[in-house]
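Protein chains: 2
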Amino acid sequence: MQAQVRDVARLAGVSSGTVSNALNHPEKVSPATRERVQQAIAELGFVPNIAARQLRRGTNDSIGMIVLDIANPFFTAVARGVEERLSGVGRPLVMAHSGQDHEREKAYLDLFAEQRLSGVLVTPVGQVLDRLRRLRDRGTAIVVVDRKTGAREFSSVSVDDTLGGTLATQHLLDVGRRRIAFLGGPERLTQIKHRLGAARRAVEQHGSGEVWHVDSPTLDVEAGRVGAAALLDLPPGRRPDAIFAANDLVALGVLQTLTLAGVRVPDDIAIVGYDDNEFAAAAAIPLTSVRQPAVEMGAAATGRLLEVIEDPHAKVEHIVLSPELVVRRSTVA
Amino acid sequence: MQAQVRDVARLAGVSSGTVSNALNHPEKVSPATRERVQQAIAELGFVPNIAARQLRRGTNDSIGMIVLDIANPFFTAVARGVEERLSGVGRPLVMAHSGQDHEREKAYLDLFAEQRLSGVLVTPVGQVLDRLRRLRDRGTAIVVVDRKTGAREFSSVSVDDTLGGTLATQHLLDVGRRRIAFLGGPERLTQIKHRLGAARRAVEQHGSGEVWHVDSPTLDVEAGRVGAAALLDLPPGRRPDAIFAANDLVALGVLQTLTLAGVRVPDDIAIVGYDDNEFAAAAAIPLTSVRQPAVEMGAAATGRLLEVIEDPHAKVEHIVLSPELVVRRSTVA
DNA sequence: TGAACCGATTGAATCGTTTCAATGTGAGTG
DNA sequence: CACTCACATTGAAACGATTCAATCGGTTCA
């Protein structure tokens, strides 16, 4: 029913091998024949069946990316970096969305394994070491983005969360804040652990002040709203004078709730966000935030991935980028 | 080198046909055998080669989505709707990003055609009717999202842009604005055409006032900044007293630039955005915006797509959803 | 003139799974 | 006891492209 090489071959008056060559090794076919084949392809609307091609070739040029949270501008910025690095390389990028859901993450890793992709960029949610190993053993290159895997057996690109946590906290201390609520979770994320740990250490080192953790199941605007509401429920004397939000989405939620409640930012409570996404600067009160080089991270991870694809035995490398503090009105009047 | 059915079969002491049945038609295999096969699969780390499966089966369960602009929360919200509708259906969603680039759009449509996906959701950028037809002729179901194709031969789900344009403009007129700059482009997008056209008609019908178009090559925050700067360059008497931004990203850029320039919003210039994305309410001055039911659109498009997959001859249907105006501080003090 | 060589083309084998007609094995029935 | 019938299993064919050794036809050169 659907045209295949056979049909194209017949119409062009050549063999199927020649059609294939015209498609994949044009230099092996005389210009005249090539032309006839092209004509026949156009006439029949022939589209090669990639399954057959891939089965025979044994490889798939595509690169897969499992995005942790597509609604978070930070991750879409990472994706932008990936695409930029990939442009002109001739490898399509297919994306899947885990949405922090471990089951979906597993399902997509399995799908990518079945598809025998050349490479996969992943920001793992749960325990997927076994799947990543299987993927690698099947010949798929892997680079971990925005994480370091426990076993460190895969190359990774991440941003120094400890430094980020220190920068934010140090800044809050510098502007005179002492009661800092760290808002966001879940706590098991290494991100959270490192940023929070650094905050605690910074305060400790400073000698005065305190940090406490307000957990949340997710890291979105709603989590910020809920967390801020919980803090407002505290008796005035026990409220924080600063909130360190685990990312900018949370910070925006916090800002919204505080503003609605008549709390003055930064006078009553200062807010520091994390990521410095595109919306941080456009917020009601422009957010002080820890800028993560998201685009650069995506590009670096992709560069590394392409190297691993070329040489599967390339040695494992962990690239760690540095964040920087961007001060805006949410912490200084 | 890599385990295949043959190897699993040998280890489990059965034939390859039985292994395949254990995988795809478990009810045809006795529990004991099924168990042995599972064991062998686990032991060998066997992952079926999807290319071979697909070649034989002739179908691919996956659904593809070509996202127009992954950095725009509106489209990620649409994607969320798609995922929600798809959850539990057992069809993986793979996404590709055209980023408004017609070449990339074509490349991904070709990739999806080669992959023989079950269905594709697409928000077309350029002239792709021929490719969509070819895709359909190859047996891939297609639903157009947030557009109606010229020829109307594909089912679509969109939002009434004329109504949206009318709502926004009527509101601006109601709050006493008369000089309205419509900011955003490119003009060839039907979106833009309809919203702008409706704005012009609303003003005309009202009897007084004027609307003019400030074009932009893209619809992002930067476009808003640039457009607003251009408007500020006008002599005070020729400046608008309201800006109708083609989407919220543009509106945020406008807001940023106006605020930095000391223009009072809404006193000097009112701003209406479009989409009512998650960040509109959290903006420096909360944005009045035309809310588009993005999640619902994604869900509806997916529902339609699943129907077309079931019955390729299902009749073409155009679902048009209605936007609604959300009034916030950027238009009323 | 014949051998050597060259580029273009052919066509059968191949990739790894699924499918399906055929076969085997008991259990149940008259 | 012979005969069905149901169920489990087998094994070879098939999916549609690519590959590669073999062939073809023509040119060049000794």
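In order, the protein sequences belong to chains A and B. Just so you know, we're using this note's numbering here: the first sequence kicks off at 1489 and counts up by one. Just so you know, we're using this note's numbering here: the second sequence kicks off at 1489 and counts up by one. Ideal Cβ placement from N, Cα and C applies to all residues, glycine included. Quick caveat: nothing in here was measured; it's all calculated off a predicted structure.
Cβ neighbour criterion (16 or more within 10 Å) applied to residue i
i         : result
A:HIS1513 : exposed
A:ASP1634 : buried
A:ALA1789 : buried
B:THR1628 : buried
A:GLN1780 : buried
A:GLY1761 : buried
B:VAL1820 : exposed
A:THR1547 : exposed
A:PRO1536 : buried
A:HIS1659 : buried
B:LEU1748 : exposed
A:HIS1801 : exposed
B:PRO1754 : buried
B:VAL1577 : exposed
B:GLY1834 : Outside the shown range of chain B, which is 1489 to 1821, sits residue 1834 of chain B, and nothing can be said about it.
A:PRO1811 : buried
B:LEU1722 : exposed
B:ASP1894 : Since the first and last residues shown for chain B are 1489 and 1821, residue 1894 of chain B lies out of range.
A:VAL1804 : exposed
B:ARG1816 : buried
A:ARG1544 : exposed
A:GLN1693 : exposed
A:PRO1724 : exposed
B:SER1518 : exposed
Under 7 Å from the C-beta of residue i: neighbouring residues of chain A
i         : result
B:ASP1625 : GLY1533
B:GLN1490 : ARG1626
Contact set between residue i and chain B, taken where Cβ atoms lie within less than 9 Å
i         : result
A:MET1583 : VAL1555, ILE1558, VAL1582, MET1583, ALA1584 and HIS1585
Under 8 Å by beta carbon: chain A residues contacting residue i
i         : result
B:THR1564 : ILE1558, ALA1559 and THR1564
B:ARG1568 : ILE1558 and ALA1559
B:TYR1596 : PRO1580
B:LEU1743 : ALA1770
B:ALA1622 : Before going on, a small fix: residue 1622 of chain B reads as Arg here, not Ala. Those within 8 Å of B:ARG1622 in chain A are GLY1533 and VAL1535.
B:LEU1740 : PHE1767 and ALA1770
Contact list for residue i against chain B, beta-carbon separation under 7 Å
i         : result
A:GLN1843 : For residue 1843 of chain A there is no data in the structure shown, the boundaries of chain A being 1489 and 1821.
A:LEU1599 : PRO1580
A:GLU1766 : VAL1709
A:ILE1538 : GLU1602 and GLN1603
A:GLN1542 : ALA1539
Beta-carbon neighbours of residue i, restricted to chain A and to distances below 9 Å
i         : result
B:PRO1811 : Simply none; closest approach about 20 Å.
DSSP bridge partner residues for residue i (one or two, in chain order)
i         : result
B:LEU1609 : B:MET1553 and B:VAL1631
A:ILE1773 : None; A:ILE1773 has no bridge partner.
B:MET1785 : DSSP output for B:MET1785 lists no bridge partner at all.
B:HIS1682 : B:HIS1682 pairs with nothing; no bridge assigned.
B:VAL1814 : B:SER1777
A:VAL1699 : A:ILE1668
B:ASP1763 : B:ARG1779
A:LEU1809 : A:VAL1647
A:VAL1582 : A:GLY1552
A:ALA1449 : Because chain A here runs from 1489 to 1821, residue 1449 of chain A falls outside it and cannot be looked at.
A:ILE1731 : A:ALA1669 and A:ILE1759
Whole-Å CB distance - residue i paired with residue j, under 8 Å assumed
i         : j         : result
A:ILE1807 : A:ALA1730 : Not really, about 31 Å apart at Cβ, beyond 8 Å.
B:GLY1786 : B:GLY1569 : 2 Å
B:LEU1809 : B:LEU1655 : At roughly 13 Å, the Cβ-Cβ gap does not stay under 8 Å, so B:LEU1809 and B:LEU1655 are not in contact.
B:ALA1824 : B:THR1637 : Because chain B spans 1489 through 1821 in this model, residue 1824 of chain B falls outside it and cannot be assessed.
B:GLY1673 : B:ALA1733 : That belief does not hold up - the Cβ atoms of B:GLY1673 and B:ALA1733 are roughly 11 Å apart, past 8 Å.
B:ALA1771 : B:LEU1740 : 6 Å
A:GLN1829 : B:ARG1626 : Within the shown structure, residues of chain A are numbered from 1489 to 1821, placing residue 1829 of chain A beyond reach of any answer.
A:LEU1605 : A:ILE1551 : 6 Å
Closer than 8 Å at the beta carbon, the chain B residues around residue i
i         : result
A:GLU1571 : HIS1585 and GLY1587
Residue i Cβ short of 8 Å to the ligand SAM heavy atom set
i         : result
A:VAL1535 : This structure does not include the ligand SAM; it has no bound ligands of any sort.
Query raised in the report: Would you call the region 1552-1565 of chain B and the region 1558-1565 of chain A in contact, with 3 or more CB pairs under 8 Å?
Result: With a cut-off of 8 Å, the region 1558-1565 of chain A and the region 1552-1565 of chain B count as touching, because enough Cβ pairs lie within range.
Requested in this report: Inspect the CB distances between the region 1493-1501 of chain B and the region 1608-1619 of chain A and report whether three or more fall short of 8 Å.
Outcome: Touching, no.
Query raised in the report: Are the region 1502-1520 of chain B and the region 1674-1683 of chain A touching, with three or more C-beta to C-beta distances below 8 Å?
Result: Too few Cβ pairs lie closer than 8 Å, so no.
Query raised in the report: Just checking, does the region 1735-1755 of chain B make contact with the region 1706-1718 of chain B on the three C-beta pairs under 8 Å criterion?
Result: In short, these stretches touch, since the Cβ pair count reaches three.
Report task. Indicate whether the contact test is met: 3 or more Cβ pairs, each with one atom in the region 1515-1529 of chain A and one in the region 1526-1544 of chain B, closer than 8 Å. Result -> As far as the Cβ criterion goes, the region 1515-1529 of chain A does not touch the region 1526-1544 of chain B, which means the pair count is below three.
Query raised in the report: Per the contact definition of three or more C-beta pairs closer than 8 Å, is the region 1589-1600 of chain A in contact with the region 1639-1657 of chain A?
Result: The region 1639-1657 of chain A is not in contact with the region 1589-1600 of chain A.
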